[in-house]
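A short write-up of the structure that comes next.
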Amino acid sequence: MKKTALKGIWMIVFIAMGLHVYSQVAKRIYYADENLVPDAHPMDFTHLTLQVSFELESSKVVGNVLHDFTVLTAETDTLFIHGIGITISEAELDGKTVDFTKVDGGFVFKFQNTMHSGEKHRLGISYTAEPIKGIYFIGWNDPTGRCRKQIWTQGQGIDNRHWIPMYDLPNDKITTDIYVDMDKQYQVLSNGVLESKKNQKDGKTKWHYRMKDPHATYLIMLGIGDYKIKKSKSSNGTAMNFYYYPDWEYRVNSTYKYSEDMMRFMEEETWIAYPWPSYSQIPVQDFIYGAMENTSATIFGDFFFVDDNAYLDQNYVRVNAHELAHQWFGDYVTARTSAHTWLQESFATHYDLSYQRIAFGQDYFDWARRQATLSAIEASKTDLKPLAHSSAGTARHYPKGSYVLQMLRDVAGNDNFKKAINYYLQKHAFGNVDSEDLLVAFHESTGLSLDWFWEEWIYKGGEPHYKVGFEKLSSEKGTFGRFSVEQIYEINELTGLFKMPIDFEIHFTDGTSISKNVMVEKTYQTIDVPIVEQKQISYVLFDPGSKVMKTVDFKKSDEMLFNQALSAKSCLDRYDAVVALRETPFDEKKVNTYKTIFERPEFHAVRTEILRQSAADISGLELWHKSLSDKDVEVRKQGLGLSNTINPLYLNDYEKLLKDSSYEIVEMALEMLCKSRPDDCKKYLDQTAKIDGAIGKNVRAKWLALSYLQSSDQVYLDELVDLTSNSFEFRTRMNAANELKSLNYLDRNAVINMFNALFSFNARLRNPIKDVLAEFALQPQHRELMQQVISEGNWNELEKRRLNLLHL
Ligand SMILES: [Zn+2]
């Protein structure tokens, strides 16, 4: 209680200082950004009515679209519409044929009469599209019929224009009616409410979805395939639809875990009820990203669709929370241009992390913030782009921005933060925003003047680097601890001097502590914390819990580090202490301290760091042995990863790992056992013969490779080659290709399958496969085989370009 009260006082002091000293930012320098300013849009598009059907084998879209719009500009007689790979057969304005010309990136329509501001018109377009982006056809060309058959879309950034001719920029929002004709055995999902679903004479079903609130065109979606739906409701009654493959029903609960609670969480965080009529989530195969927050209908990669075991290696929880947060941040309020992408991605990441804290605990939250710091600092080595920049990059738009929002929350105070966010969302509901709008929202709703924070963390780049020292001193005024803080990074136009409130803590051997929060804002500053002379200092902390994103140099004695590792409240401070002890030789003190920490309930990052360090010492054997049966999957993975060979004494421990709940561990253990004990390999293979593994069949692919090594039976190679074909999802294909590479086996079918992967729209398949093929190509016999397959084929332009990348 006392500690909190003290912090409150310091916060007030700091805000007062902010008002006086920093409320005016004299000069604002932006890192040049060509995407800062939105395009002009002389028309305000209000409603889109789309009717589409498909030519499945040739991946074509046949469509008809009606655009209702109001003229904004004073007068005009032309209109530009985006559209790539689209052929328009007919266009009408208000029911009369209208002339159009194909131009770069779209079409220009020329009207006979001049249009004037305020007039309402309707443009109708009949078209076919042969899209290379935006909409993806999965499995319709698999000759074996084993692949799932799907159609799904990915509109962000600007790809929906490849299958719908429309004004396709986020600064104009529309309501939508979407009609889809599809073979009746498939489910069709789109945005908003399913208005009707009618069987037609041609054997197809016509689906009609309506979104009655305006949303951005990049959020228009389709998800089509063989699905079942689990229906649920959030605590305040929002309908939630969880789509799943009928053969994966057993994975539904582990995949969609916490979904309803996330909805409650986001509504409590924003004080705004979920803004759309319902919320659906649909997994798709070979998705090119992790997931996409289409309005009311999130698409996610089916590699997140996990059973209870795969959940341990990778799960959907975080991404699930992230996409849900986007329904407010991105869909409800939308960045005016990509220069303000952080207003979407940083918020979605901030809330997904905050939800992770609820689901997995504070340590996970802190550890993710640490990874965010490392990636931001790494990015700053390349350039100093600020968060509010269209090409700031993933490391900044996602983790750094999430951290910055947490700092903003700390600086403004939690209640102020939530009040300002609620105000911002309400003020800009169904509209567009830029970085300044959020700043203004804080000012208007809470009275806070946070220009200085925007200046440091949003409009400028870089992160602070502090050099910290500590000494205990006495003077006539009494005894005190003196911290010295120096900001030691280069200050220039792109990175200013950082001003942040920072906690200074002194911990004593009697278990008590004293803390002081000070605004650190000068290049050099000393902070004195009065202490009772008789008390022994145990350890000291600068910014406990790493509230501020930064690098710190702070040399401490081994004694202090041991105490910090044992007692600090935040896992980050305990972890940092253990890392700082890396060079300290193992003596009785270090051995005992590490043993104590390793054996108590402790975050895996701290324990695995201890495990790695201890591997160099005789004392490490005991800890390592325990790690193999540890209940924390990350510790077991680390323990297994530290083994080079199998010590017969511990054979039993390794063998148990063949039944581990983590598929990654099963794969690692199987390989290690077979390679170390070839005579027993057959036994191990029999035990694991029925395990497919995670979504990429990681265990099966490894099992096939080991079975071949064990038996030299071609049947295993054939199955591996088959797994590289387009009957399978991309991770399976990659895993199988990698096993073939490790066996150095390539045949004609494998070449054909891998070429096919090279032509994929999915960079996460074609890039790794290109590397595998390039490595095979180093050997003359494989090179010749590839050349032969190329000479026999009839390749289109794209295929030729991709094959040329192999430099055969
Ligand atoms: Zn996102």
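In the working numbering, the protein residues as written are 392 to 1199. Note that CB positions come from ideal geometry on N, CA and C, so glycine has one too.
Selected residue, minimal CA-CA separation from residue i, among the options
i       : options                            : result
Thr764  : Tyr815, His553, Ala423 and Ala786  : Ala786
Phe491  : Ile516, Lys1028, Gly476 and Thr689 : Ile516
Arg1157 : Arg1192, Tyr1045 and Ile1181       : Arg1192
Tyr857  : Lys818, Val939, Phe821 and Ser929  : Val939
Asp743  : Met951, Ile905 and Gln718          : Gln718
Tyr600  : Gly616, Tyr570, Ile615 and Gly594  : Tyr570
Tyr720  : Leu1194, Thr686, Phe844 and Lys487 : Note on residue identity: the sequence assigns Phe, not Tyr, to residue 720. The candidate whose alpha carbon is nearest that of Phe720 is Thr686.
Tyr814  : Ala1060, Asp842 and Thr661         : Thr661
Phe874  : Ser1103, Lys947 and Lys575         : Lys947
Gln578  : Pro561, Thr596 and Ile882          : Thr596
Asp722  : Ala971, Asn1089 and Gln547         : Gln547
Leu1196 : Asp842, Pro1159 and Asn426         : Pro1159
Asp572  : Gly614, Asp949 and Gln916          : Gly614
Leu952  : Ala971, Gly681, Ala1007 and Ser961 : Ala971
Ser444  : Ser826, Phe436 and Val453          : Val453
Asp604  : Gly628, Trp598, Asp638 and Thr566  : Thr566
Lys960  : Val1026, Lys791 and Gly936         : Gly936
Exposure label - residue i; buried when at least 16 CB within 10 Å
i       : result
Asn1129 : buried
Asn908  : buried
Leu1169 : exposed
Val1163 : buried
Ser414  : Residue confidence for Ser414 is low, a pLDDT of 41 falling below 50, so the modelled location carries little weight and cannot support an answer.
Gln591  : exposed
Arg973  : exposed
Gly1184 : exposed
Leu864  : exposed
Glu1055 : buried
Leu410  : Residue placement at Leu410 cannot be trusted, given a pLDDT of 41 that sits under 50; what the coordinates show is reported in the next sentence. Answer is exposed; the Cβ neighbour count stays below 16.
His507  : exposed
His780  : buried
Ile879  : exposed
Whether residue i touches residue j by CB criterion (8 Å)
i       : j       : result
Gly853  : Thr903  : no
Tyr618  : Asp698  : no
Asn644  : Ser671  : no
Pro556  : His473  : yes
Lys1093 : Glu1058 : yes
Lys622  : Ala630  : yes
Leu514  : Leu463  : no
Val584  : Ser450  : no
Ile1086 : Glu1062 : no
Val920  : Ile893  : no
Val1142 : Val1180 : yes
Ser929  : Phe977  : no
Thr732  : His788  : yes
Ser1020 : Lys1047 : yes
Thr837  : Lys868  : no
Glu912  : Leu932  : no
Lys890  : Trp845  : no
Tyr1045 : Leu1064 : yes
Val876  : Ile918  : yes
Endpoints, the alpha helix (DSSP H) within which residue i is located
i       : result
Arg1139 : Arg1139 to Leu1149
Asp1162 : Ala1154 to Phe1167
Ala739  : Trp733 to Phe751
Tyr815  : Asn805 to Lys818
Asn685  : Here Asn685 belongs to no alpha helix (DSSP H), and DSSP marks it neither H nor E.
Ala1099 : Here residue 1099 turns out to be Tyr, not Ala, going by the sequence shown. Run containing Tyr1099: Asn1089 to Ser1102, per the alpha helix (DSSP H) assignment.
Gly1030 : Val1024 to Gly1032
Lys980  : Glu979 to Glu990
Lys1105 : Here residue 1105 turns out to be Gln, not Lys, going by the sequence shown. Gln1105 to Leu1114 is the span of the alpha helix (DSSP H), which, as asked, contains Gln1105.
Ser645  : Val643 to Thr646
Residue i: first and last residue of the uninterrupted beta strand (DSSP E) it sits in
i       : result
Val428  : Neither: Val428 is in no beta strand (DSSP E) and is coded neither H nor E.
Asp495  : Premise fails: Asp495 is in no beta strand (DSSP E) and is neither H nor E.
Ile516  : Lys511 to Ala520
Asn455  : Lys451 to Val462
Glu1013 : Looking at the DSSP string, Glu1013 is not in any beta strand (DSSP E); the run it does join, the alpha helix (DSSP H), is Gly1011 to Ser1018.
Met657  : It is not in any beta strand (DSSP E) - Met657 instead sits in the alpha helix (DSSP H) that spans Ser650 to Thr661.
Phe695  : Element bounds for Phe695: n/a, residue is neither H nor E.
Cutoff 8 Å: residue i Cβ touching any chain B Cβ
i      : result
Gly936 : Here chain B cannot be found, since the structure has a single protein chain.
Handout entry: Beta carbon nearer than 6 Å to a non-hydrogen atom of ligand 2
Key = Absent from the structure shown: ligand 2. Ligands present: ligand 1.
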